[in-house]
Amino acid sequence: DQQVKQNSPSLSVQEGRISILNCDYTNSMFDYFLWYKKYPAEGPTFLISISSIKDKNEDGRFTVFLNKSAKHLSLHIVPSQPGDSAVYFCAARFTGNQFYFGTGTSLTVIP
Amino acid sequence: GAVVSQHPSWVICKSGTSVKIECRSLDFQATTMFWYRQFPKQSLMLMATSNEGSKATYEQGVEKDKFLINHASLTLSTLTVTSAHPEDSSFYICSDERDLYFGPGTRLTVL
């Protein structure tokens with residue numbers, strides 16, 4: 000049972016524009032959410048996280064939004080750069096438990 | 153710099169052989185490490201939790217006799233895939249208990 004879902008397997012965005020990656024979850028007990036960036040044949044790299052007590056967290060070009068009522072989070076990248084092209088995973092957990100990962104969204108930023 | 157390392161990064165073996173993968177926490181004494189597996193175009197799935205000085209905890213559906221985990225020190229956990237078969241071919245990734253940091257992954261190909 001996939002508790003964290005990323006319904007868009009791929010996304011293409013023009014350089015300089017905003018990239019919006021979406022993630023939905025089913026377990027209301029999740030209290031911590033993260034976004035990871037992954038290149039082929041490499042381990043995931045942590046990007047940004049958000050606690051369930053917040054609805055927004057910003058770090059440079061990356062902003063994560065959390066809508067608890069909709070059980071939805073999104074990652075905004077602005078402006079998008081070609082180096083942002085990678086697979087992005089969202090992950091969720093509840094305290095003391097494992098992370099549950101989405102299936103990933105492959106982002107391509109077109110120069 | 154990397155805080156979690158894995159070795160080897162890529163291994164090819166014949167069916168029936170055993171393969172050992174090492175995961176090292178470089179800057180942190182980790183009493184707990186996590187082993188994940190990622191099949192192509194799929195999410196990262198937690199296989200097991202490695203506990204220093206005690207038995208590993210395996211997720212449902214993961215054969216503990218096939219995937220042997222040893223956490224002999226606070227900086228090293230090993231995953232041994234015993235009697236590997238082609239269906240075990242995958243990308244194996246570890247993380248230490250801080251969860252934010254993953255190793256670079258090990259690509260296992262079983263012929």
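Taken in sequence, the protein lines are chains A and B. Take 0 as the starting number for the first sequence in our numbering and just add one per residue. Take 153 as the starting number for the second sequence in our numbering and just add one per residue. Backbone N, C-alpha and C fix where the C-beta goes; we use that ideal spot for every residue, glycine too. Remember, it's a predicted structure, so these values are computed and weren't measured experimentally.
The beta-carbon distance between Ser202/B and Thr184/B, rounded to whole angstroms, is 7 Å. This is short enough to meet the 8 Å contact definition. With respect to the C-alpha of Tyr38/A, the residue from Phe88/A, Asn21/A and Asn66/A having the closest C-alpha is Phe88/A.
Among the residues facing chain B, Tyr24/A is not included, as its CB has no counterpart in that chain under 9 Å away. Under the 9 Å criterion on CB atoms, Val3/A is classed as interfacial with respect to chain B. No Cβ of chain A is located within less than 9 Å of the beta carbon of Gln212/B.
Taking each of Asn6/A, Gln80/A, Arg60/A and Thr102/A in turn and checking the Cα distance to Leu46/A, the smallest one comes out for Arg60/A. For Val12/A, the enclosing beta strand (DSSP E) has its first and last residue at Ser9 to Gln13.
Cβ proximity to chain B below 9 Å picks out Phe88, Ala90, Arg92, Gln97, Phe98, Tyr99, Phe100, Gly101, Thr102 and Gly103 from the segment 76 to 103 of chain A.
For Arg259/B, the chain A residues whose Cβ falls inside 8 Å of its Cβ are Ala40, in order along the chain.
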